[in-house]
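Enquirer:
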Amino acid sequence: MNAVNVHLKGLCLCAALLVGGFSAGIARADDEDEMMGFIVDDCISLVGHNFYNAFTDRLRATSRLNFNLVVRERPDPRWGSLIWVEYDQRIVYRRFIAPNATETRELAQEAADQVRAAVVQRKLQVQLQDNIDLGKDEL
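Basically this note's numbering = 1-based index in the sequence shown + 24.
1) Look at the alpha carbon of Asn74 and the alpha carbon of Gly104, and state the distance between them as a whole number of angstroms.
2) Looking only at C-alpha atoms, which of Ala122, Lys147, Arg96 sits nearest to Arg102?
3) Going straight from the alpha carbon of Leu35 to that of Met60, what length do you get?
4) List the endpoints of the continuous beta strand (DSSP E) containing Arg164.
5) In the stretch 83-114, which residue ranges form an unbroken beta strand (DSSP E) of at least 3 residues, counting only runs that do not cross its ends?
6) Is it right to say Thr128 is buried, meaning 16 or more other beta carbons lie within 10 angstroms of its own, or is it exposed?
7) Given a cut-off of 8 Å, decide if Tyr111 and Val144 are closer than it, judged by their beta-carbon atoms.
8) Which one or two residues does DSSP pair with Asp66 in a beta bridge?
9) Relative to the alpha-carbon of Arg98, which residue among Val150, Phe120, Phe79, Arg88 has its alpha-carbon at the smallest distance?
10) What separation, rounded to the nearest whole angstrom, lies between the Cα atoms of Ile115 and Thr126?
11) Can you tell me whether DSSP reads Gly72 as helix, strand or coil?
12) Thinking just about the alpha-carbon of each residue, which of Leu106, Ile68, Phe79 is nearest to the one in Gln133?
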C-alpha cells in the first residue's frame, strides 16, 4: 500500500511538471508575434467572391504570406462593386468592378501584385521609421 502511494505521488509530480511546462509554452507563445497569413473575405456579391478567390490564389502562388489582409466590398447596383484591400488597417488597393466584368480574374491578379508591393513598401517604411524615443503605444 505504501509503494502505491509513492507511485501515485510520483505520477502527480510528473503531471504537475508537464502542466507547468505547457503553461510556460503558452506564455512564450503570447509574447511572440500574432499569427500571419490570413486573408479575410468580407465580400458580399458573386463578383466580390470571384475577385477574392482569384486574388488569394495569386498571392499564395507568388509570395510568402507573412502578413494579414482584409478584402472588403461595397456593392452598388448602378456602378458595380467597390472592392478594397486593407493591410494594417490601411487601404492599400481600391477599385470599382462592373457587375458584368469578365476580366475579374485579371484585375484580381493585378491587384495581388500591387498589394504585395504595397505591403513590402509599408514594412520597409516601418523598419526605417525613427522611433527610438517613443514606445510602441506612443506612436
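Glycine included, C-beta positions come from ideal geometry on N, C-alpha and C.
Expert: On the basis of the coordinates in this document:
1) Cα-Cα distance, rounded: 14 Å.
2) When the alpha-carbon of Arg102 is set against those of Ala122, Lys147, Arg96, the nearest one is in Ala122.
3) Interpretation of Leu35 is limited by its pLDDT of 43, a score under 50 that renders its predicted location unreliable; the figure taken from the coordinates is listed afterwards. Whole-angstrom Cα-Cα distance: 38 Å.
4) Outside the shown range of the chain, which is 25 to 163, sits residue 164, and nothing can be said about it.
5) Scanning the stretch 83-114 from its first residue to its last, the whole beta strand (DSSP E) runs of 3-plus residues come out as 93-100, 104-111.
6) It is buried - the Cβ of Thr128 has at least 16 other Cβ atoms within 10 Å.
7) Cβ atoms of Val144 and Tyr111: not closer than 8 Å.
8) In the DSSP assignment, the residues bridged to Asp66 are Arg96.
9) Closest by alpha carbon: Phe120.
10) Going by C-alpha positions, Ile115 is about 25 Å away from Thr126.
11) Assigned with DSSP and collapsed to three states, Gly72 falls in helix.
12) With distances taken between Cα atoms, Gln133 lies closest to Phe79.
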